[in-house]
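Colleague: Residue numbers (my numbering), protein chains in the order written: chain A, 3 to 264; chain B, 1374 to 1637.
Glycine included, every Cβ here is placed at the ideal spot set by N, Cα and C.
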Amino acid sequence: MSTSPQQPEQPARSLQVDRLTKEYVAGKPILSNISFEVSGRSSVAIIGPSGTGKSTLIRCVNKLIPPTSGNIYVSGENITVLHGARLRRARRKIGMVFQEFNLVERLTVMENVLCGRLGYVSSLRAWLRRYPQRDIEMAFSLLESIGLLDFTRQRADSLSGGQRQRVGIARAIMQEPHVLLADEPTSSLDPKTSVEIMELLVSLTETHQIPLLINIHDVELAKRFTNRVIGIARGGIVFDGPPAELSNDHLKDIYGGENWLQ
Amino acid sequence: MIQEKLWQRFTFAERLSRFAVFLGFAVALALSMRTVQIIPEFLYDAPTQVADLLGRMWPMDFDYYPQGVHATMMETLHIASLGTLLSIFMAVPVGILGANNIVRQPLLHWLSKLILVSSRSVNTLVWALLFVAVFGPGALAGTICIAFRSVGFVGKLFAEALEECNPGPIEALQAAGAPWLSLFLKGYWPQVAPAFWGIFLFRWDINVRESAVIGLVGAGGIGMVLDDALNLFFWDRVAVILLSIFTVVIVAELLVTAIRKRII
């Protein structure tokens, strides 16, 4: 059922999750033995009922939550064994977009976008706001591609939800990541804005050739915008394949029950 | 037949314990009245005494302000401002150590709590006595005293402001690989900055009042002139000094309120 092409000649920009297990309470794994791989220009949606550990899975990738066992490789580098400064440097390769946008409200749009470079820029330069010219140019071109060039000097708390999420996406892309994680990026947005945000996520990651991993509870959005769906239920992967193969039987298996499907 | 439904706000046990608490208050009041030993004659006498005092204060010796008061008033303001500034430098690191969402070392928390509590539990006048003994009488002792007394206040409020920070943006910057100092400067600081300046101004306002008093024990400022005037029974001068303290405190209060409005 795997359709991902084998590309051994291009080892860069990939995410490999290898037998990941996470237990918050010993002996009661919320995720057990999760394995999958994402690489190149592919966008993967993770679906599953609330409380199955979709957020946990995504946060294990950049070790915001430490996994109990298993390994996570970002472009070949094992994240799970890293600590301190080395973990910090490795996190630069992993961009993240959040449900609640998580912008620094009292900073301007430009500064929020430049925050994506904080892993590369010294604290002194960040404090003096002396970001390298290359970063500033990159920020301007990203702001243009998300359509917020006119909002550069506005404070983040003056933006609408959709605009904030655009800034959140630009901030993540600024990291020049090897994989982009999105944790329910559309859950705080209205249906129209949700579609626009998904379009932006997919098109930006495609142009920058960043593999995309999205947690999403809206199955229709997932099928419409991604080229692979991973269904998680009862702590394990119960479906992994292209959206076209995702049948009602699979959805019954993932979410349980069937009345909601009619 | 109609069933009568009874309802009482308190159960019997609750009423009993409430009665016990009231009884306790009454006993405490009675005991303290006996210790204080109010002499009724002194109470009846009070209005006459106040009238007499006001008579001695009036007319005020306004000429004394440029001669003796103005310079010490300026000294008082300098003690308050410099002391507050000094306290900020000490309070910021202590506050960071005390914020349990930033520093997760219990030992460091404990250290921070110890510093904050010991700063606050000692009264300003006691701090002043201590530093007058160390540095000798004068403005230096006063400045250090104000600074040490303010650390507890500023540090505690700063730590609380840090703890109230939204963790979302912090998590985002962490995920971007920001080092600790950048995390503080770009994640925490923008969130606490308004609170920080509010605390700073509020403490300065308090310190203007406190530094007017510490001169009574020799720690510089207008209090020293007040002490002299009181000891020499120059009531017309005392009146001028009190009036100028009152004026400065009101002006400081108005100033701080106006600035705070602009910040927040």
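1) Between L1603(B), W1608(B), N1539(B) and I1517(B), which lies nearest to S1584(B) when the distance is taken from Cα to Cα?
2) Please report whether the beta-carbon of L1554(B) lies at a distance below 8 Å from any beta-carbon of chain A.
3) Check whether the Cβ of G53(A) lies closer than 8 Å to any Cβ atom in chain B.
4) Taking its Cβ as the centre, do 16 or more other Cβ atoms sit within 10 Å of A1399(B), making it buried, or is it exposed?
5) Identify whether Q18(A) lies in helix, strand or coil by the three-state DSSP scheme.
6) CA-CA distance, I1469(B) and I1475(B)?
7) Taking 7 Å as the limit between beta carbons, can you name the residues of its chain near L1556(B), skipping five residues before and five after?
8) Less than 8 Å between CB atoms is the rule here; does E1544(B) satisfy it with respect to chain A?
9) What residue does the alpha helix (DSSP H) around N250(A) start on, and which one ends it?
10) Please state whether DSSP places Q1567(B) in a helix, a strand or coil.
11) Could you spell out where the beta strand (DSSP E) holding L214(A) opens and where it closes?
12) Looking at the C-beta of E102(A), does it have a partner C-beta in chain B at a distance below 8 Å?
13) Check each candidate in L1628(B), V1565(B), R1407(B) and P1552(B) and name the one with the smallest Cα separation from A87(A).
14) In terms of alpha-carbon separation, which member of R168(A), K65(A), R21(A) and M200(A) lies closest to N114(A)?
15) Could you work out which residue in P1432(B), T1457(B) and F1385(B) is closest to R1576(B) when comparing CA atoms only?
16) Out of V123(A), E198(A), G164(A) and I148(A), point me to the one whose CA is closest to R136(A)'s CA.
17) Apart from the five residues on each side of it in sequence, which residues of its chain come closer than 7 Å, Cβ to Cβ, to L105(A)?
18) With distances taken from CA atoms, which of I199(A), P134(A) and V76(A) is nearest R15(A)?
19) Does G1571(B) come within less than 8 Å of chain A when only Cβ atoms are used?
20) Applying a beta-carbon distance threshold of less than 9 Å, which residues of chain A neighbour Q1547(B)?
21) So, under 8 Å CB-CB, P187(A) and L203(A) are touching, yes? Tell me the CB distance rounded to an integer number of Å.
22) Cα separation between R1633(B) and I1623(B)?
23) Could you please give the first and the last residue of the uninterrupted alpha helix (DSSP H) stretch that includes Y75(A)?
24) Tell me the DSSP bridge mates of V27(A)?
25) Give me the subset of the stretch 135-158 of chain A whose CB atoms are less than 8 Å from a CB atom of chain B, sorted by chain position.
26) Of all Cβ atoms in chain A, is any one closer than 8 Å to the Cβ of K1486(B)?
27) Please classify S1617(B): is it buried, with 16 or more other beta-carbons within 10 angstroms of its beta-carbon, or exposed?
28) So, at 6 Å on beta carbons, what are the nonlocal neighbours of K225(A) in its own chain, with the 5 sequence-adjacent residues on each side left out?
29) Nearest CA to the CA of S1460(B): which residue from V1442(B), S1492(B), A1472(B) and D1436(B)?
30) Under 9 Å Cβ-Cβ, which residues of chain B neighbour A246(A)?
31) Any Cβ of chain A within less than 8 Å of the Cβ of Q1478(B)?
32) Can the beta-carbon of I96(A) be found less than 8 Å from the beta-carbon of V181(A)?
33) Using a Cβ distance threshold of 8 Å, determine whether the stretch 1429-1449 of chain B contacts the stretch 1602-1618 of chain B, with at least three qualifying pairs required.
34) In the structure shown, what three-state DSSP assignment does R119(A) receive?
35) Taking 8 Å as the CB-CB cut-off, is I96(A) touching chain B?
36) Just the C-alpha distance for F1523(B) and A1568(B), rounded to the nearest angstrom, thanks.
Modeller: According to the structure data:
1) Residue I1517(B) holds the alpha-carbon nearest to the alpha-carbon of S1584(B) among L1603(B), W1608(B), N1539(B) and I1517(B).
2) Closer than 8 Å to some Cβ of chain A, the Cβ of L1554(B) qualifies, so yes.
3) Answer no: the Cβ-Cβ gap between G53(A) and chain B never drops below 8 Å.
4) When all chains shown are included, A1399(B) counts as exposed.
5) Of the three classes helix, strand and coil, the one that applies to Q18(A) here is strand, per DSSP.
6) Computed Cα separation, rounded: 7 Å.
7) Once the five neighbours on either side are set aside, the close Cβ partners of L1556(B) are I1543, L1546 and Q1547.
8) At least one CB of chain A lies nearer than 8 Å to the CB of E1544(B).
9) That run of the alpha helix (DSSP H) goes N250 to Y257.
10) Sequence inspection shows Pro at residue 1567(B); the Gln mentioned does not correspond to that position. Residue state, collapsed to three classes: helix.
11) Element bounds for L214(A): L214 to N217.
12) E102(A) counts as touching chain B.
13) The candidate whose alpha carbon is nearest that of A87(A) is P1552(B).
14) Measuring from the Cα of N114(A), the nearest candidate turns out to be R168(A).
15) Nearest to R1576(B) by alpha-carbon distance, out of P1432(B), T1457(B) and F1385(B), is T1457(B).
16) From the listed residues V123(A), E198(A), G164(A) and I148(A), the smallest Cα separation to R136(A) is found for V123(A).
17) So the qualifying residues of the chain are N114, A158, R166, V169 and G170.
18) Taking only the C-alpha atoms, the option nearest R15(A) is V76(A).
19) No, its Cβ sits nowhere closer than 8 Å to a Cβ of chain A.
20) Proximity of chain A to Q1547(B) at the Cβ level (cut-off 9 Å) is accounted for by N64, L66, R90 and R93, in chain order.
21) Your pair P187(A) and L203(A) checks out as a contact, with CB atoms roughly 7 Å apart and the cut at 8 Å.
22) Answer to the nearest angstrom: the Cα atoms are 15 Å apart.
23) Where Y75(A) is concerned, there is no enclosing alpha helix (DSSP H), although the beta strand (DSSP E) it sits in stretches over S71 to V76.
24) According to DSSP, residue pairing for V27(A) in a beta bridge involves K30(A).
25) Look at the stretch 135-158 of chain A: it has no residue with a C-beta under 8 Å from a C-beta of chain B.
26) Under the Cβ criterion of 8 Å, K1486(B) is not counted among the residues facing chain A.
27) Using a 10 angstroms sphere on the CB of S1617(B), the tally of other CB atoms reaches 16 or more, which defines it as buried.
28) Leaving aside the five residues that flank K225(A) on each side, the residues in its chain whose CB is nearer than 6 Å to its CB run, in chain order, P245.
29) Comparing alpha-carbon positions, the option among V1442(B), S1492(B), A1472(B) and D1436(B) lying closest to S1460(B) turns out to be S1492(B).
30) Under the 9 Å cutoff, chain B gives no residues; its nearest Cβ is about 33 Å from A246(A).
31) False, the Cβ-Cβ gap to chain A never drops below 8 Å.
32) In contact: I96(A) and V181(A) (Cβ atoms closer than 8 Å).
33) Output reads yes: the stretch 1602-1618 of chain B touches the stretch 1429-1449 of chain B.
34) Helix.
35) Judged by the 8 Å Cβ criterion, I96(A) is in contact with chain B.
36) Per the sequence shown, residue 1523(B) should be read as Ser rather than Phe. Taken atom to atom, the span from the alpha-carbon of S1523(B) to that of A1568(B) is near 16 Å.
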